[in-house]
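*Asks:* Before I ask anything, let me first share the structure, which is written out below as structure tokens.
There are 2 protein chains.
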Amino acid sequence: MITKISNPIFDTITIIGAGLIGSSIARASEASGVAKTIRIYDTNEAVRACAAQIGLGDVSDTIEAACTGADLVVLCTPVGVLGAAAQAAAPFLKEGAILTDVGSVKESALNDMVAVSPAHVHVIAGHPIAGTEHSGPDAGFAKLFSGRWCILTPLEDQSDSYQVSVQKLSRFWEAFGSTVEIMSAKRHDLVLAITSHLPHLIAYNICATAEDMEQVTEGEVVKFSAGGFRDFTRIAASDPTMWRDVFLNNKEAVLETLGRFTEDLAALQRAIRWSDGDQLFDLFTRARSIRKSVIDAGQDTAAPNFGRRSDEDDTPAE
Amino acid sequence: MITKISNPIFDTITIIGAGLIGSSIARASEASGVAKTIRIYDTNEAVRACAAQIGLGDVSDTIEAACTGADLVVLCTPVGVLGAAAQAAAPFLKEGAILTDVGSVKESALNDMVAVSPAHVHVIAGHPIAGTEHSGPDAGFAKLFSGRWCILTPLEDQSDSYQVSVQKLSRFWEAFGSTVEIMSAKRHDLVLAITSHLPHLIAYNICATAEDMEQVTEGEVVKFSAGGFRDFTRIAASDPTMWRDVFLNNKEAVLETLGRFTEDLAALQRAIRWSDGDQLFDLFTRARSIRKSVIDAGQDTAAPNFGRRSDEDDTPAE
Numbered sequence: 001m002i003t004k005i006s007n008p009i010f011d012t013i014t015i016i017g018a019g020l021i022g023s024s025i026a027r028a029s030e031a032s033g034v035a036k037t038i039r040i041y042d043t044n045e046a047v048r049a050c051a052a053q054i055g056l057g058d059v060s061d062t063i064e065a066a067c068t069g070a071d072l073v074v075l076c077t078p079v080g081v082l083g084a085a086a087q088a089a090a091p092f093l094k095e096g097a098i099l100t101d102v103g104s105v106k107e108s109a110l111n112d113m114v115a116v117s118p119a120h121v122h123v124i125a126g127h128p129i130a131g132t133e134h135s136g137p138d139a140g141f142a143k144l145f146s147g148r149w150c151i152l153t154p155l156e157d158q159s160d161s162y163q164v165s166v167q168k169l170s171r172f173w174e175a176f177g178s179t180v181e182i183m184s185a186k187r188h189d190l191v192l193a194i195t196s197h198l199p200h201l202i203a204y205n206i207c208a209t210a211e212d213m214e215q216v217t218e219g220e221v222v223k224f225s226a227g228g229f230r231d232f233t234r235i236a237a238s239d240p241t242m243w244r245d246v247f248l249n250n251k252e253a254v255l256e257t258l259g260r261f262t263e264d265l266a267a268l269q270r271a272i273r274w275s276d277g278d279q280l281f282d283l284f285t286r287a288r289s290i291r292k293s294v295i296d297a298g299q300d301t302a303a304p305n306f307g308r309r310s311d312e313d314d315t316p317a318e
Numbered sequence: 001m002i003t004k005i006s007n008p009i010f011d012t013i014t015i016i017g018a019g020l021i022g023s024s025i026a027r028a029s030e031a032s033g034v035a036k037t038i039r040i041y042d043t044n045e046a047v048r049a050c051a052a053q054i055g056l057g058d059v060s061d062t063i064e065a066a067c068t069g070a071d072l073v074v075l076c077t078p079v080g081v082l083g084a085a086a087q088a089a090a091p092f093l094k095e096g097a098i099l100t101d102v103g104s105v106k107e108s109a110l111n112d113m114v115a116v117s118p119a120h121v122h123v124i125a126g127h128p129i130a131g132t133e134h135s136g137p138d139a140g141f142a143k144l145f146s147g148r149w150c151i152l153t154p155l156e157d158q159s160d161s162y163q164v165s166v167q168k169l170s171r172f173w174e175a176f177g178s179t180v181e182i183m184s185a186k187r188h189d190l191v192l193a194i195t196s197h198l199p200h201l202i203a204y205n206i207c208a209t210a211e212d213m214e215q216v217t218e219g220e221v222v223k224f225s226a227g228g229f230r231d232f233t234r235i236a237a238s239d240p241t242m243w244r245d246v247f248l249n250n251k252e253a254v255l256e257t258l259g260r261f262t263e264d265l266a267a268l269q270r271a272i273r274w275s276d277g278d279q280l281f282d283l284f285t286r287a288r289s290i291r292k293s294v295i296d297a298g299q300d301t302a303a304p305n306f307g308r309r310s311d312e313d314d315t316p317a318e
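Protein chains in written order, with full-length UniProt numbering: chain A, 1 to 318; chain B, 1 to 318.
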């Protein structure tokens, strides 16, 4: 749930990048009242025009206008251009301003932002674990972050003023209905490699394999996709640029988890080839137990409608 | 939608195996009026007792009582014991009776049933593409097959009486709201290998990999599973016995598609290791296009609530 707060946490916040996440932050900021002024900027003129048309805060024409005097600057770009966005914003950041991001890889984000920021800026990397398979300014909605985790990976800076900034940024996300978790960037990247990056890679891969198989099966892969394949196509519908950058910037952890996955798959393949039913059964039973853990942890429901309800928080508000 | 038909298609139908599919057929038969008498049998006494308690048709105590005089016998057992079930039923099948099944592999099913059936029985293999991740007699519901495909893979028998049986069995499934498609068993097994069997194998495998990673990540894989992993755990929650049998009985097609998948994944892994962003981007874009085909074919919706609505046909009626 979004909390309408009485005293704004920030005077002026600036959102750089008006895609799914950026436009959702603009809407959630408006709905929750976390800031007096909400500025938004995108390097793409057409996106800026679209943002202005649908009324996403004050659309700035330059990054200078967007960042000057802002108390919080949220970089909502693909991971691959985060460094460039931070560099463009840096000269205009005032003393004590918070610079954060929303990308799916945190160690490279922290490095990219710190490398170009003046010492008087508080750099805190962040990652709201929320999204849909849709992209662009009109894909956003205020409740996107409601009931979701937001992981913050701050620097080791123990100064009081930095810690106050971490607390303010936490309250900002909490106002959107998120639960904030603080961890190191390295740990974040390993955990997300298995919970998000590998699943997306696998989903993309199975879609590519299926597309090739359509030459043999003549349209029947799509026709009979409800047998399980369909669920993978949804995951694989996400933004290609965003995901390219995730894999390039979390290479080490992704290759590590992918290596484990491939070893396990080779063992499964061998069990099928040699008709080792017991090994298959044992592995399938183990896999089922992790599903139970996910349900027990409240991360999904056991309902046979695929664990999702239309009144769930991730449904668009409109 | 289930059609309430005025004239029953069969006098007596018999369902062998009272799991998710068998109990759903019993309920759908009752709701649609496809038969005057609905008999149900399960080798497991506790399952029979449960079936009787929840009122799933006439529960028979022996397979002889269940099959004697039946016009249609539907074997709803795991694929691995289908031959044994057919053998047990065969001596009691009357002239012109239809013997069918509901398993996910069709070439082995057809062979298993034909091998033990008297010549006067019409063997037609079948596969309703429907299911949930739940198992057992109380997991079934009448609308499970509504809006779903049902693939029938008949023999090449061109006799009039056999073709009449194929038509009657088609009308049976259509009364449950299914769309019937007729194809060869071999083609079915190849199409399902990519649309269903491989996705399940991959989902099981990623769950096993994730479980091992939990030793490093200490519960955080489950905690942050909403990033994509959660969707795989649902698929991997399906019945281990059923899936073991699917892989053992569709070995050739599964190993073929798995081989293609593994090759594609190795290429992706290499692209990540060598930071080949263009190759990643191209593949992700191709994968996205197959998602579009799935939506265009009406197999899913583009809605951001993961393409599922609570009023959808696969929601239990209760």
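Backbone N, C-alpha and C define an ideal beta-carbon position, used for all residues, glycine too.
Quick caveat, the model's predicted, so the values are computed rather than measured.
What's the C-alpha gap between A52(A) and T37(A)?
*Replies:* Distance between the alpha carbons of A52(A) and T37(A) is about 15 Å.
*Asks:* What separation, rounded to the nearest whole angstrom, lies between the Cα atoms of A85(A) and E64(A)?
*Replies:* Using only the alpha carbons, I get a separation of about 12 Å.
*Asks:* Taking a cut of 9 Å between CB atoms, which residues from the segment 196–213 of chain B lie near chain A?
*Replies:* Listed by position, the residues of the segment 196–213 of chain B near chain A (Cβ gap below 9 Å) are S196, H197, L198, P199, H200, L201, I202, A203, Y204, N205, I206, C207, A208, T209, A210, E211, D212 and M213.
*Asks:* Rounding to the nearest angstrom, what Cα-Cα distance links P8(B) and G33(B) in this structure?
*Replies:* Their Cα atoms are separated by approximately 6 Å.
*Asks:* If you draw a straight line from the C-alpha of residue 319(B) to the C-alpha of A237(A), how long is it?
*Replies:* Since the first and last residues shown for chain B are 1 and 318, residue 319(B) lies out of range.
*Asks:* Looking at L72(B) and residue 331(B), is the spacing between their C-beta atoms short of 7 Å?
*Replies:* Residue 331(B) lies beyond the residue range present for chain B, which begins at 1 and ends at 318; the question has no answer from this structure.
*Asks:* Verify the CB distance criterion: does K94(A) have a CB-CB separation below 7 Å to chain B?
*Replies:* No, its Cβ sits nowhere closer than 7 Å to a Cβ of chain B.
*Asks:* Can you give me the C-alpha to C-alpha distance between L152(B) and Q158(B), rounded to a whole angstrom?
*Replies:* Looking at the two C-alpha atoms, the distance is approximately 15 Å.
*Asks:* Does the beta carbon of P304(A) come closer than 7 Å to any beta carbon on chain B?
*Replies:* Because P304(A) carries a pLDDT of 39, less than 50, the predicted location of this residue cannot be relied on, and the following value inherits that uncertainty. True, the Cβ-Cβ gap to chain B drops below 7 Å.
*Asks:* For W173(A), report the span of its beta strand (DSSP E) as first-last.
*Replies:* Premise fails: W173(A) lies in the alpha helix (DSSP H), D160 to A175, not in any beta strand (DSSP E).
*Asks:* Whose C-beta lies closer than 7 Å to the C-beta of F232(A) among residues of the same chain, with five residues either side of it excluded?
*Replies:* Once the five neighbours on either side are set aside, the close Cβ partners of F232(A) are A203, I206 and C207.
*Asks:* Three-state secondary structure (DSSP) at F221(B)?
*Replies:* Here residue 221(B) turns out to be Val, not Phe, going by the sequence shown. In this structure, V221(B) counts as helix in the three-state DSSP scheme.
*Asks:* Grouping DSSP H, G and I as helix and E and B as strand, with all else coil, what is L99(A)?
*Replies:* It is a strand residue.
*Asks:* Can you give the beta carbon distance from residue 401(B) to H127(B), rounded, assuming they're within the 8 Å contact cut?
*Replies:* A question about residue 401(B) goes unanswered here, because the residues of chain B that appear run from 1 up to 318.
*Asks:* With a threshold of 7 Å between beta-carbons, can Q299(A) be considered close to chain B, or not?
*Replies:* Answer yes: the Cβ-Cβ gap between Q299(A) and chain B drops below 7 Å somewhere.
*Asks:* Leaving aside the five residues before and after D311(A) along the sequence, list all residues of the same chain whose C-beta is less than 6 Å from its C-beta, in chain order.
*Replies:* Bear in mind that a pLDDT of 31 at D311(A), under 50, signals an unreliable position, so the model cannot answer this.
*Asks:* Verify the CB distance criterion: does K251(A) have a CB-CB separation below 7 Å to chain B?
*Replies:* True, the Cβ-Cβ gap to chain B drops below 7 Å.
*Asks:* So, is E252(B) buried or exposed, given that buried needs 16 or more other C-beta atoms within 10 angstroms?
*Replies:* It counts as exposed.
*Asks:* For the segment 270–285 of chain A, list every residue whose C-beta sits within 7 Å of some C-beta in chain B, in sequence order.
*Replies:* The residues in question are I272, R273, S275, G277, L280, F281, L283, F284 and T285.
*Asks:* For chain A, find out if any of its Cβ atoms is closer than 7 Å to the Cβ of D264(B); answer yes or no.
*Replies:* Answer yes: the Cβ-Cβ gap between D264(B) and chain A drops below 7 Å somewhere.
*Asks:* Under DSSP, the beta strand (DSSP E) around F10(B) begins and ends at which residues?
*Replies:* Its beta strand (DSSP E) spans residues F10 to I16.
*Asks:* Contact criterion: CB-CB distance below 7 Å. Does L268(A) meet it with respect to chain B?
*Replies:* So yes, L268(A) belongs to the interface.
*Asks:* I'd like the list of long-range same chain contacts for S161(A), defined as Cβ closer than 8 Å, with 5 residues on each side in sequence excluded.
*Replies:* Contacts found: G96 and H122.
*Asks:* At what residue ranges does the segment 222–250 of chain A contain a whole run of the alpha helix (DSSP H), taking only runs of 4 or more?
*Replies:* If we require 4 residues or more, the alpha helix (DSSP H) runs fully inside the segment 222–250 of chain A come out as 229–235 and 240–249.
*Asks:* Mind pulling the chain A residues with CB within less than 7 Å of residue 336(B)?
*Replies:* Given a span of 1 to 318 for chain B in the structure shown, any question on residue 336(B) remains unanswerable.
*Asks:* Would you give the residue range spanned by the beta strand (DSSP E) that I182(B) belongs to?
*Replies:* Counting along the chain, the beta strand (DSSP E) containing I182(B) begins and ends at T179 to I182.
*Asks:* Within 7 Å (strictly less), CB to CB, does residue 325(B) reach chain A?
*Replies:* Nothing about residue 325(B) can be read from this structure; chain B reaches only from 1 to 318.
*Asks:* For chain A, find out if any of its Cβ atoms is closer than 7 Å to the Cβ of R288(B); answer yes or no.
*Replies:* Interface residue, yes.
*Asks:* Can you pull the chain A neighbours of A237(B), defined as C-beta to C-beta under 7 Å?
*Replies:* Going along chain A in sequence order, the residues near A237(B) (Cβ under 7 Å) are R288 and R291.
*Asks:* If we define contact as Cβ-Cβ less than 7 Å, is T153(A) a contact residue for chain B?
*Replies:* No, T153(A) lies away from the interface with chain B (no Cβ there is under 7 Å from its Cβ).
*Asks:* At least one CB of chain A closer than 7 Å to the CB of T217(B): is that the case?
*Replies:* By this cut-off, T217(B) is an interface position.
*Asks:* Is the number of C-beta pairs between the segment 260–270 of chain A and the segment 167–178 of chain B that are closer than 8 Å three or more?
*Replies:* The segment 260–270 of chain A is not in contact with the segment 167–178 of chain B.
*Asks:* Between which two residues does the alpha helix (DSSP H) containing V114(A) stretch?
*Replies:* Here the alpha helix (DSSP H) through V114(A) covers E107 to V116.
*Asks:* Smallest Cα separation from L258(B): which of L192(B), G103(B) and S275(B)?
*Replies:* Out of L192(B), G103(B) and S275(B), L192(B) has the C-alpha closest to the C-alpha of L258(B).
*Asks:* Using only CA atoms, which one of A35(A), G103(A) and A109(A) lies nearest to residue 363(A)?
*Replies:* No statement about residue 363(A) is possible, as the shown extent of chain A runs from 1 to 318 and does not include it.
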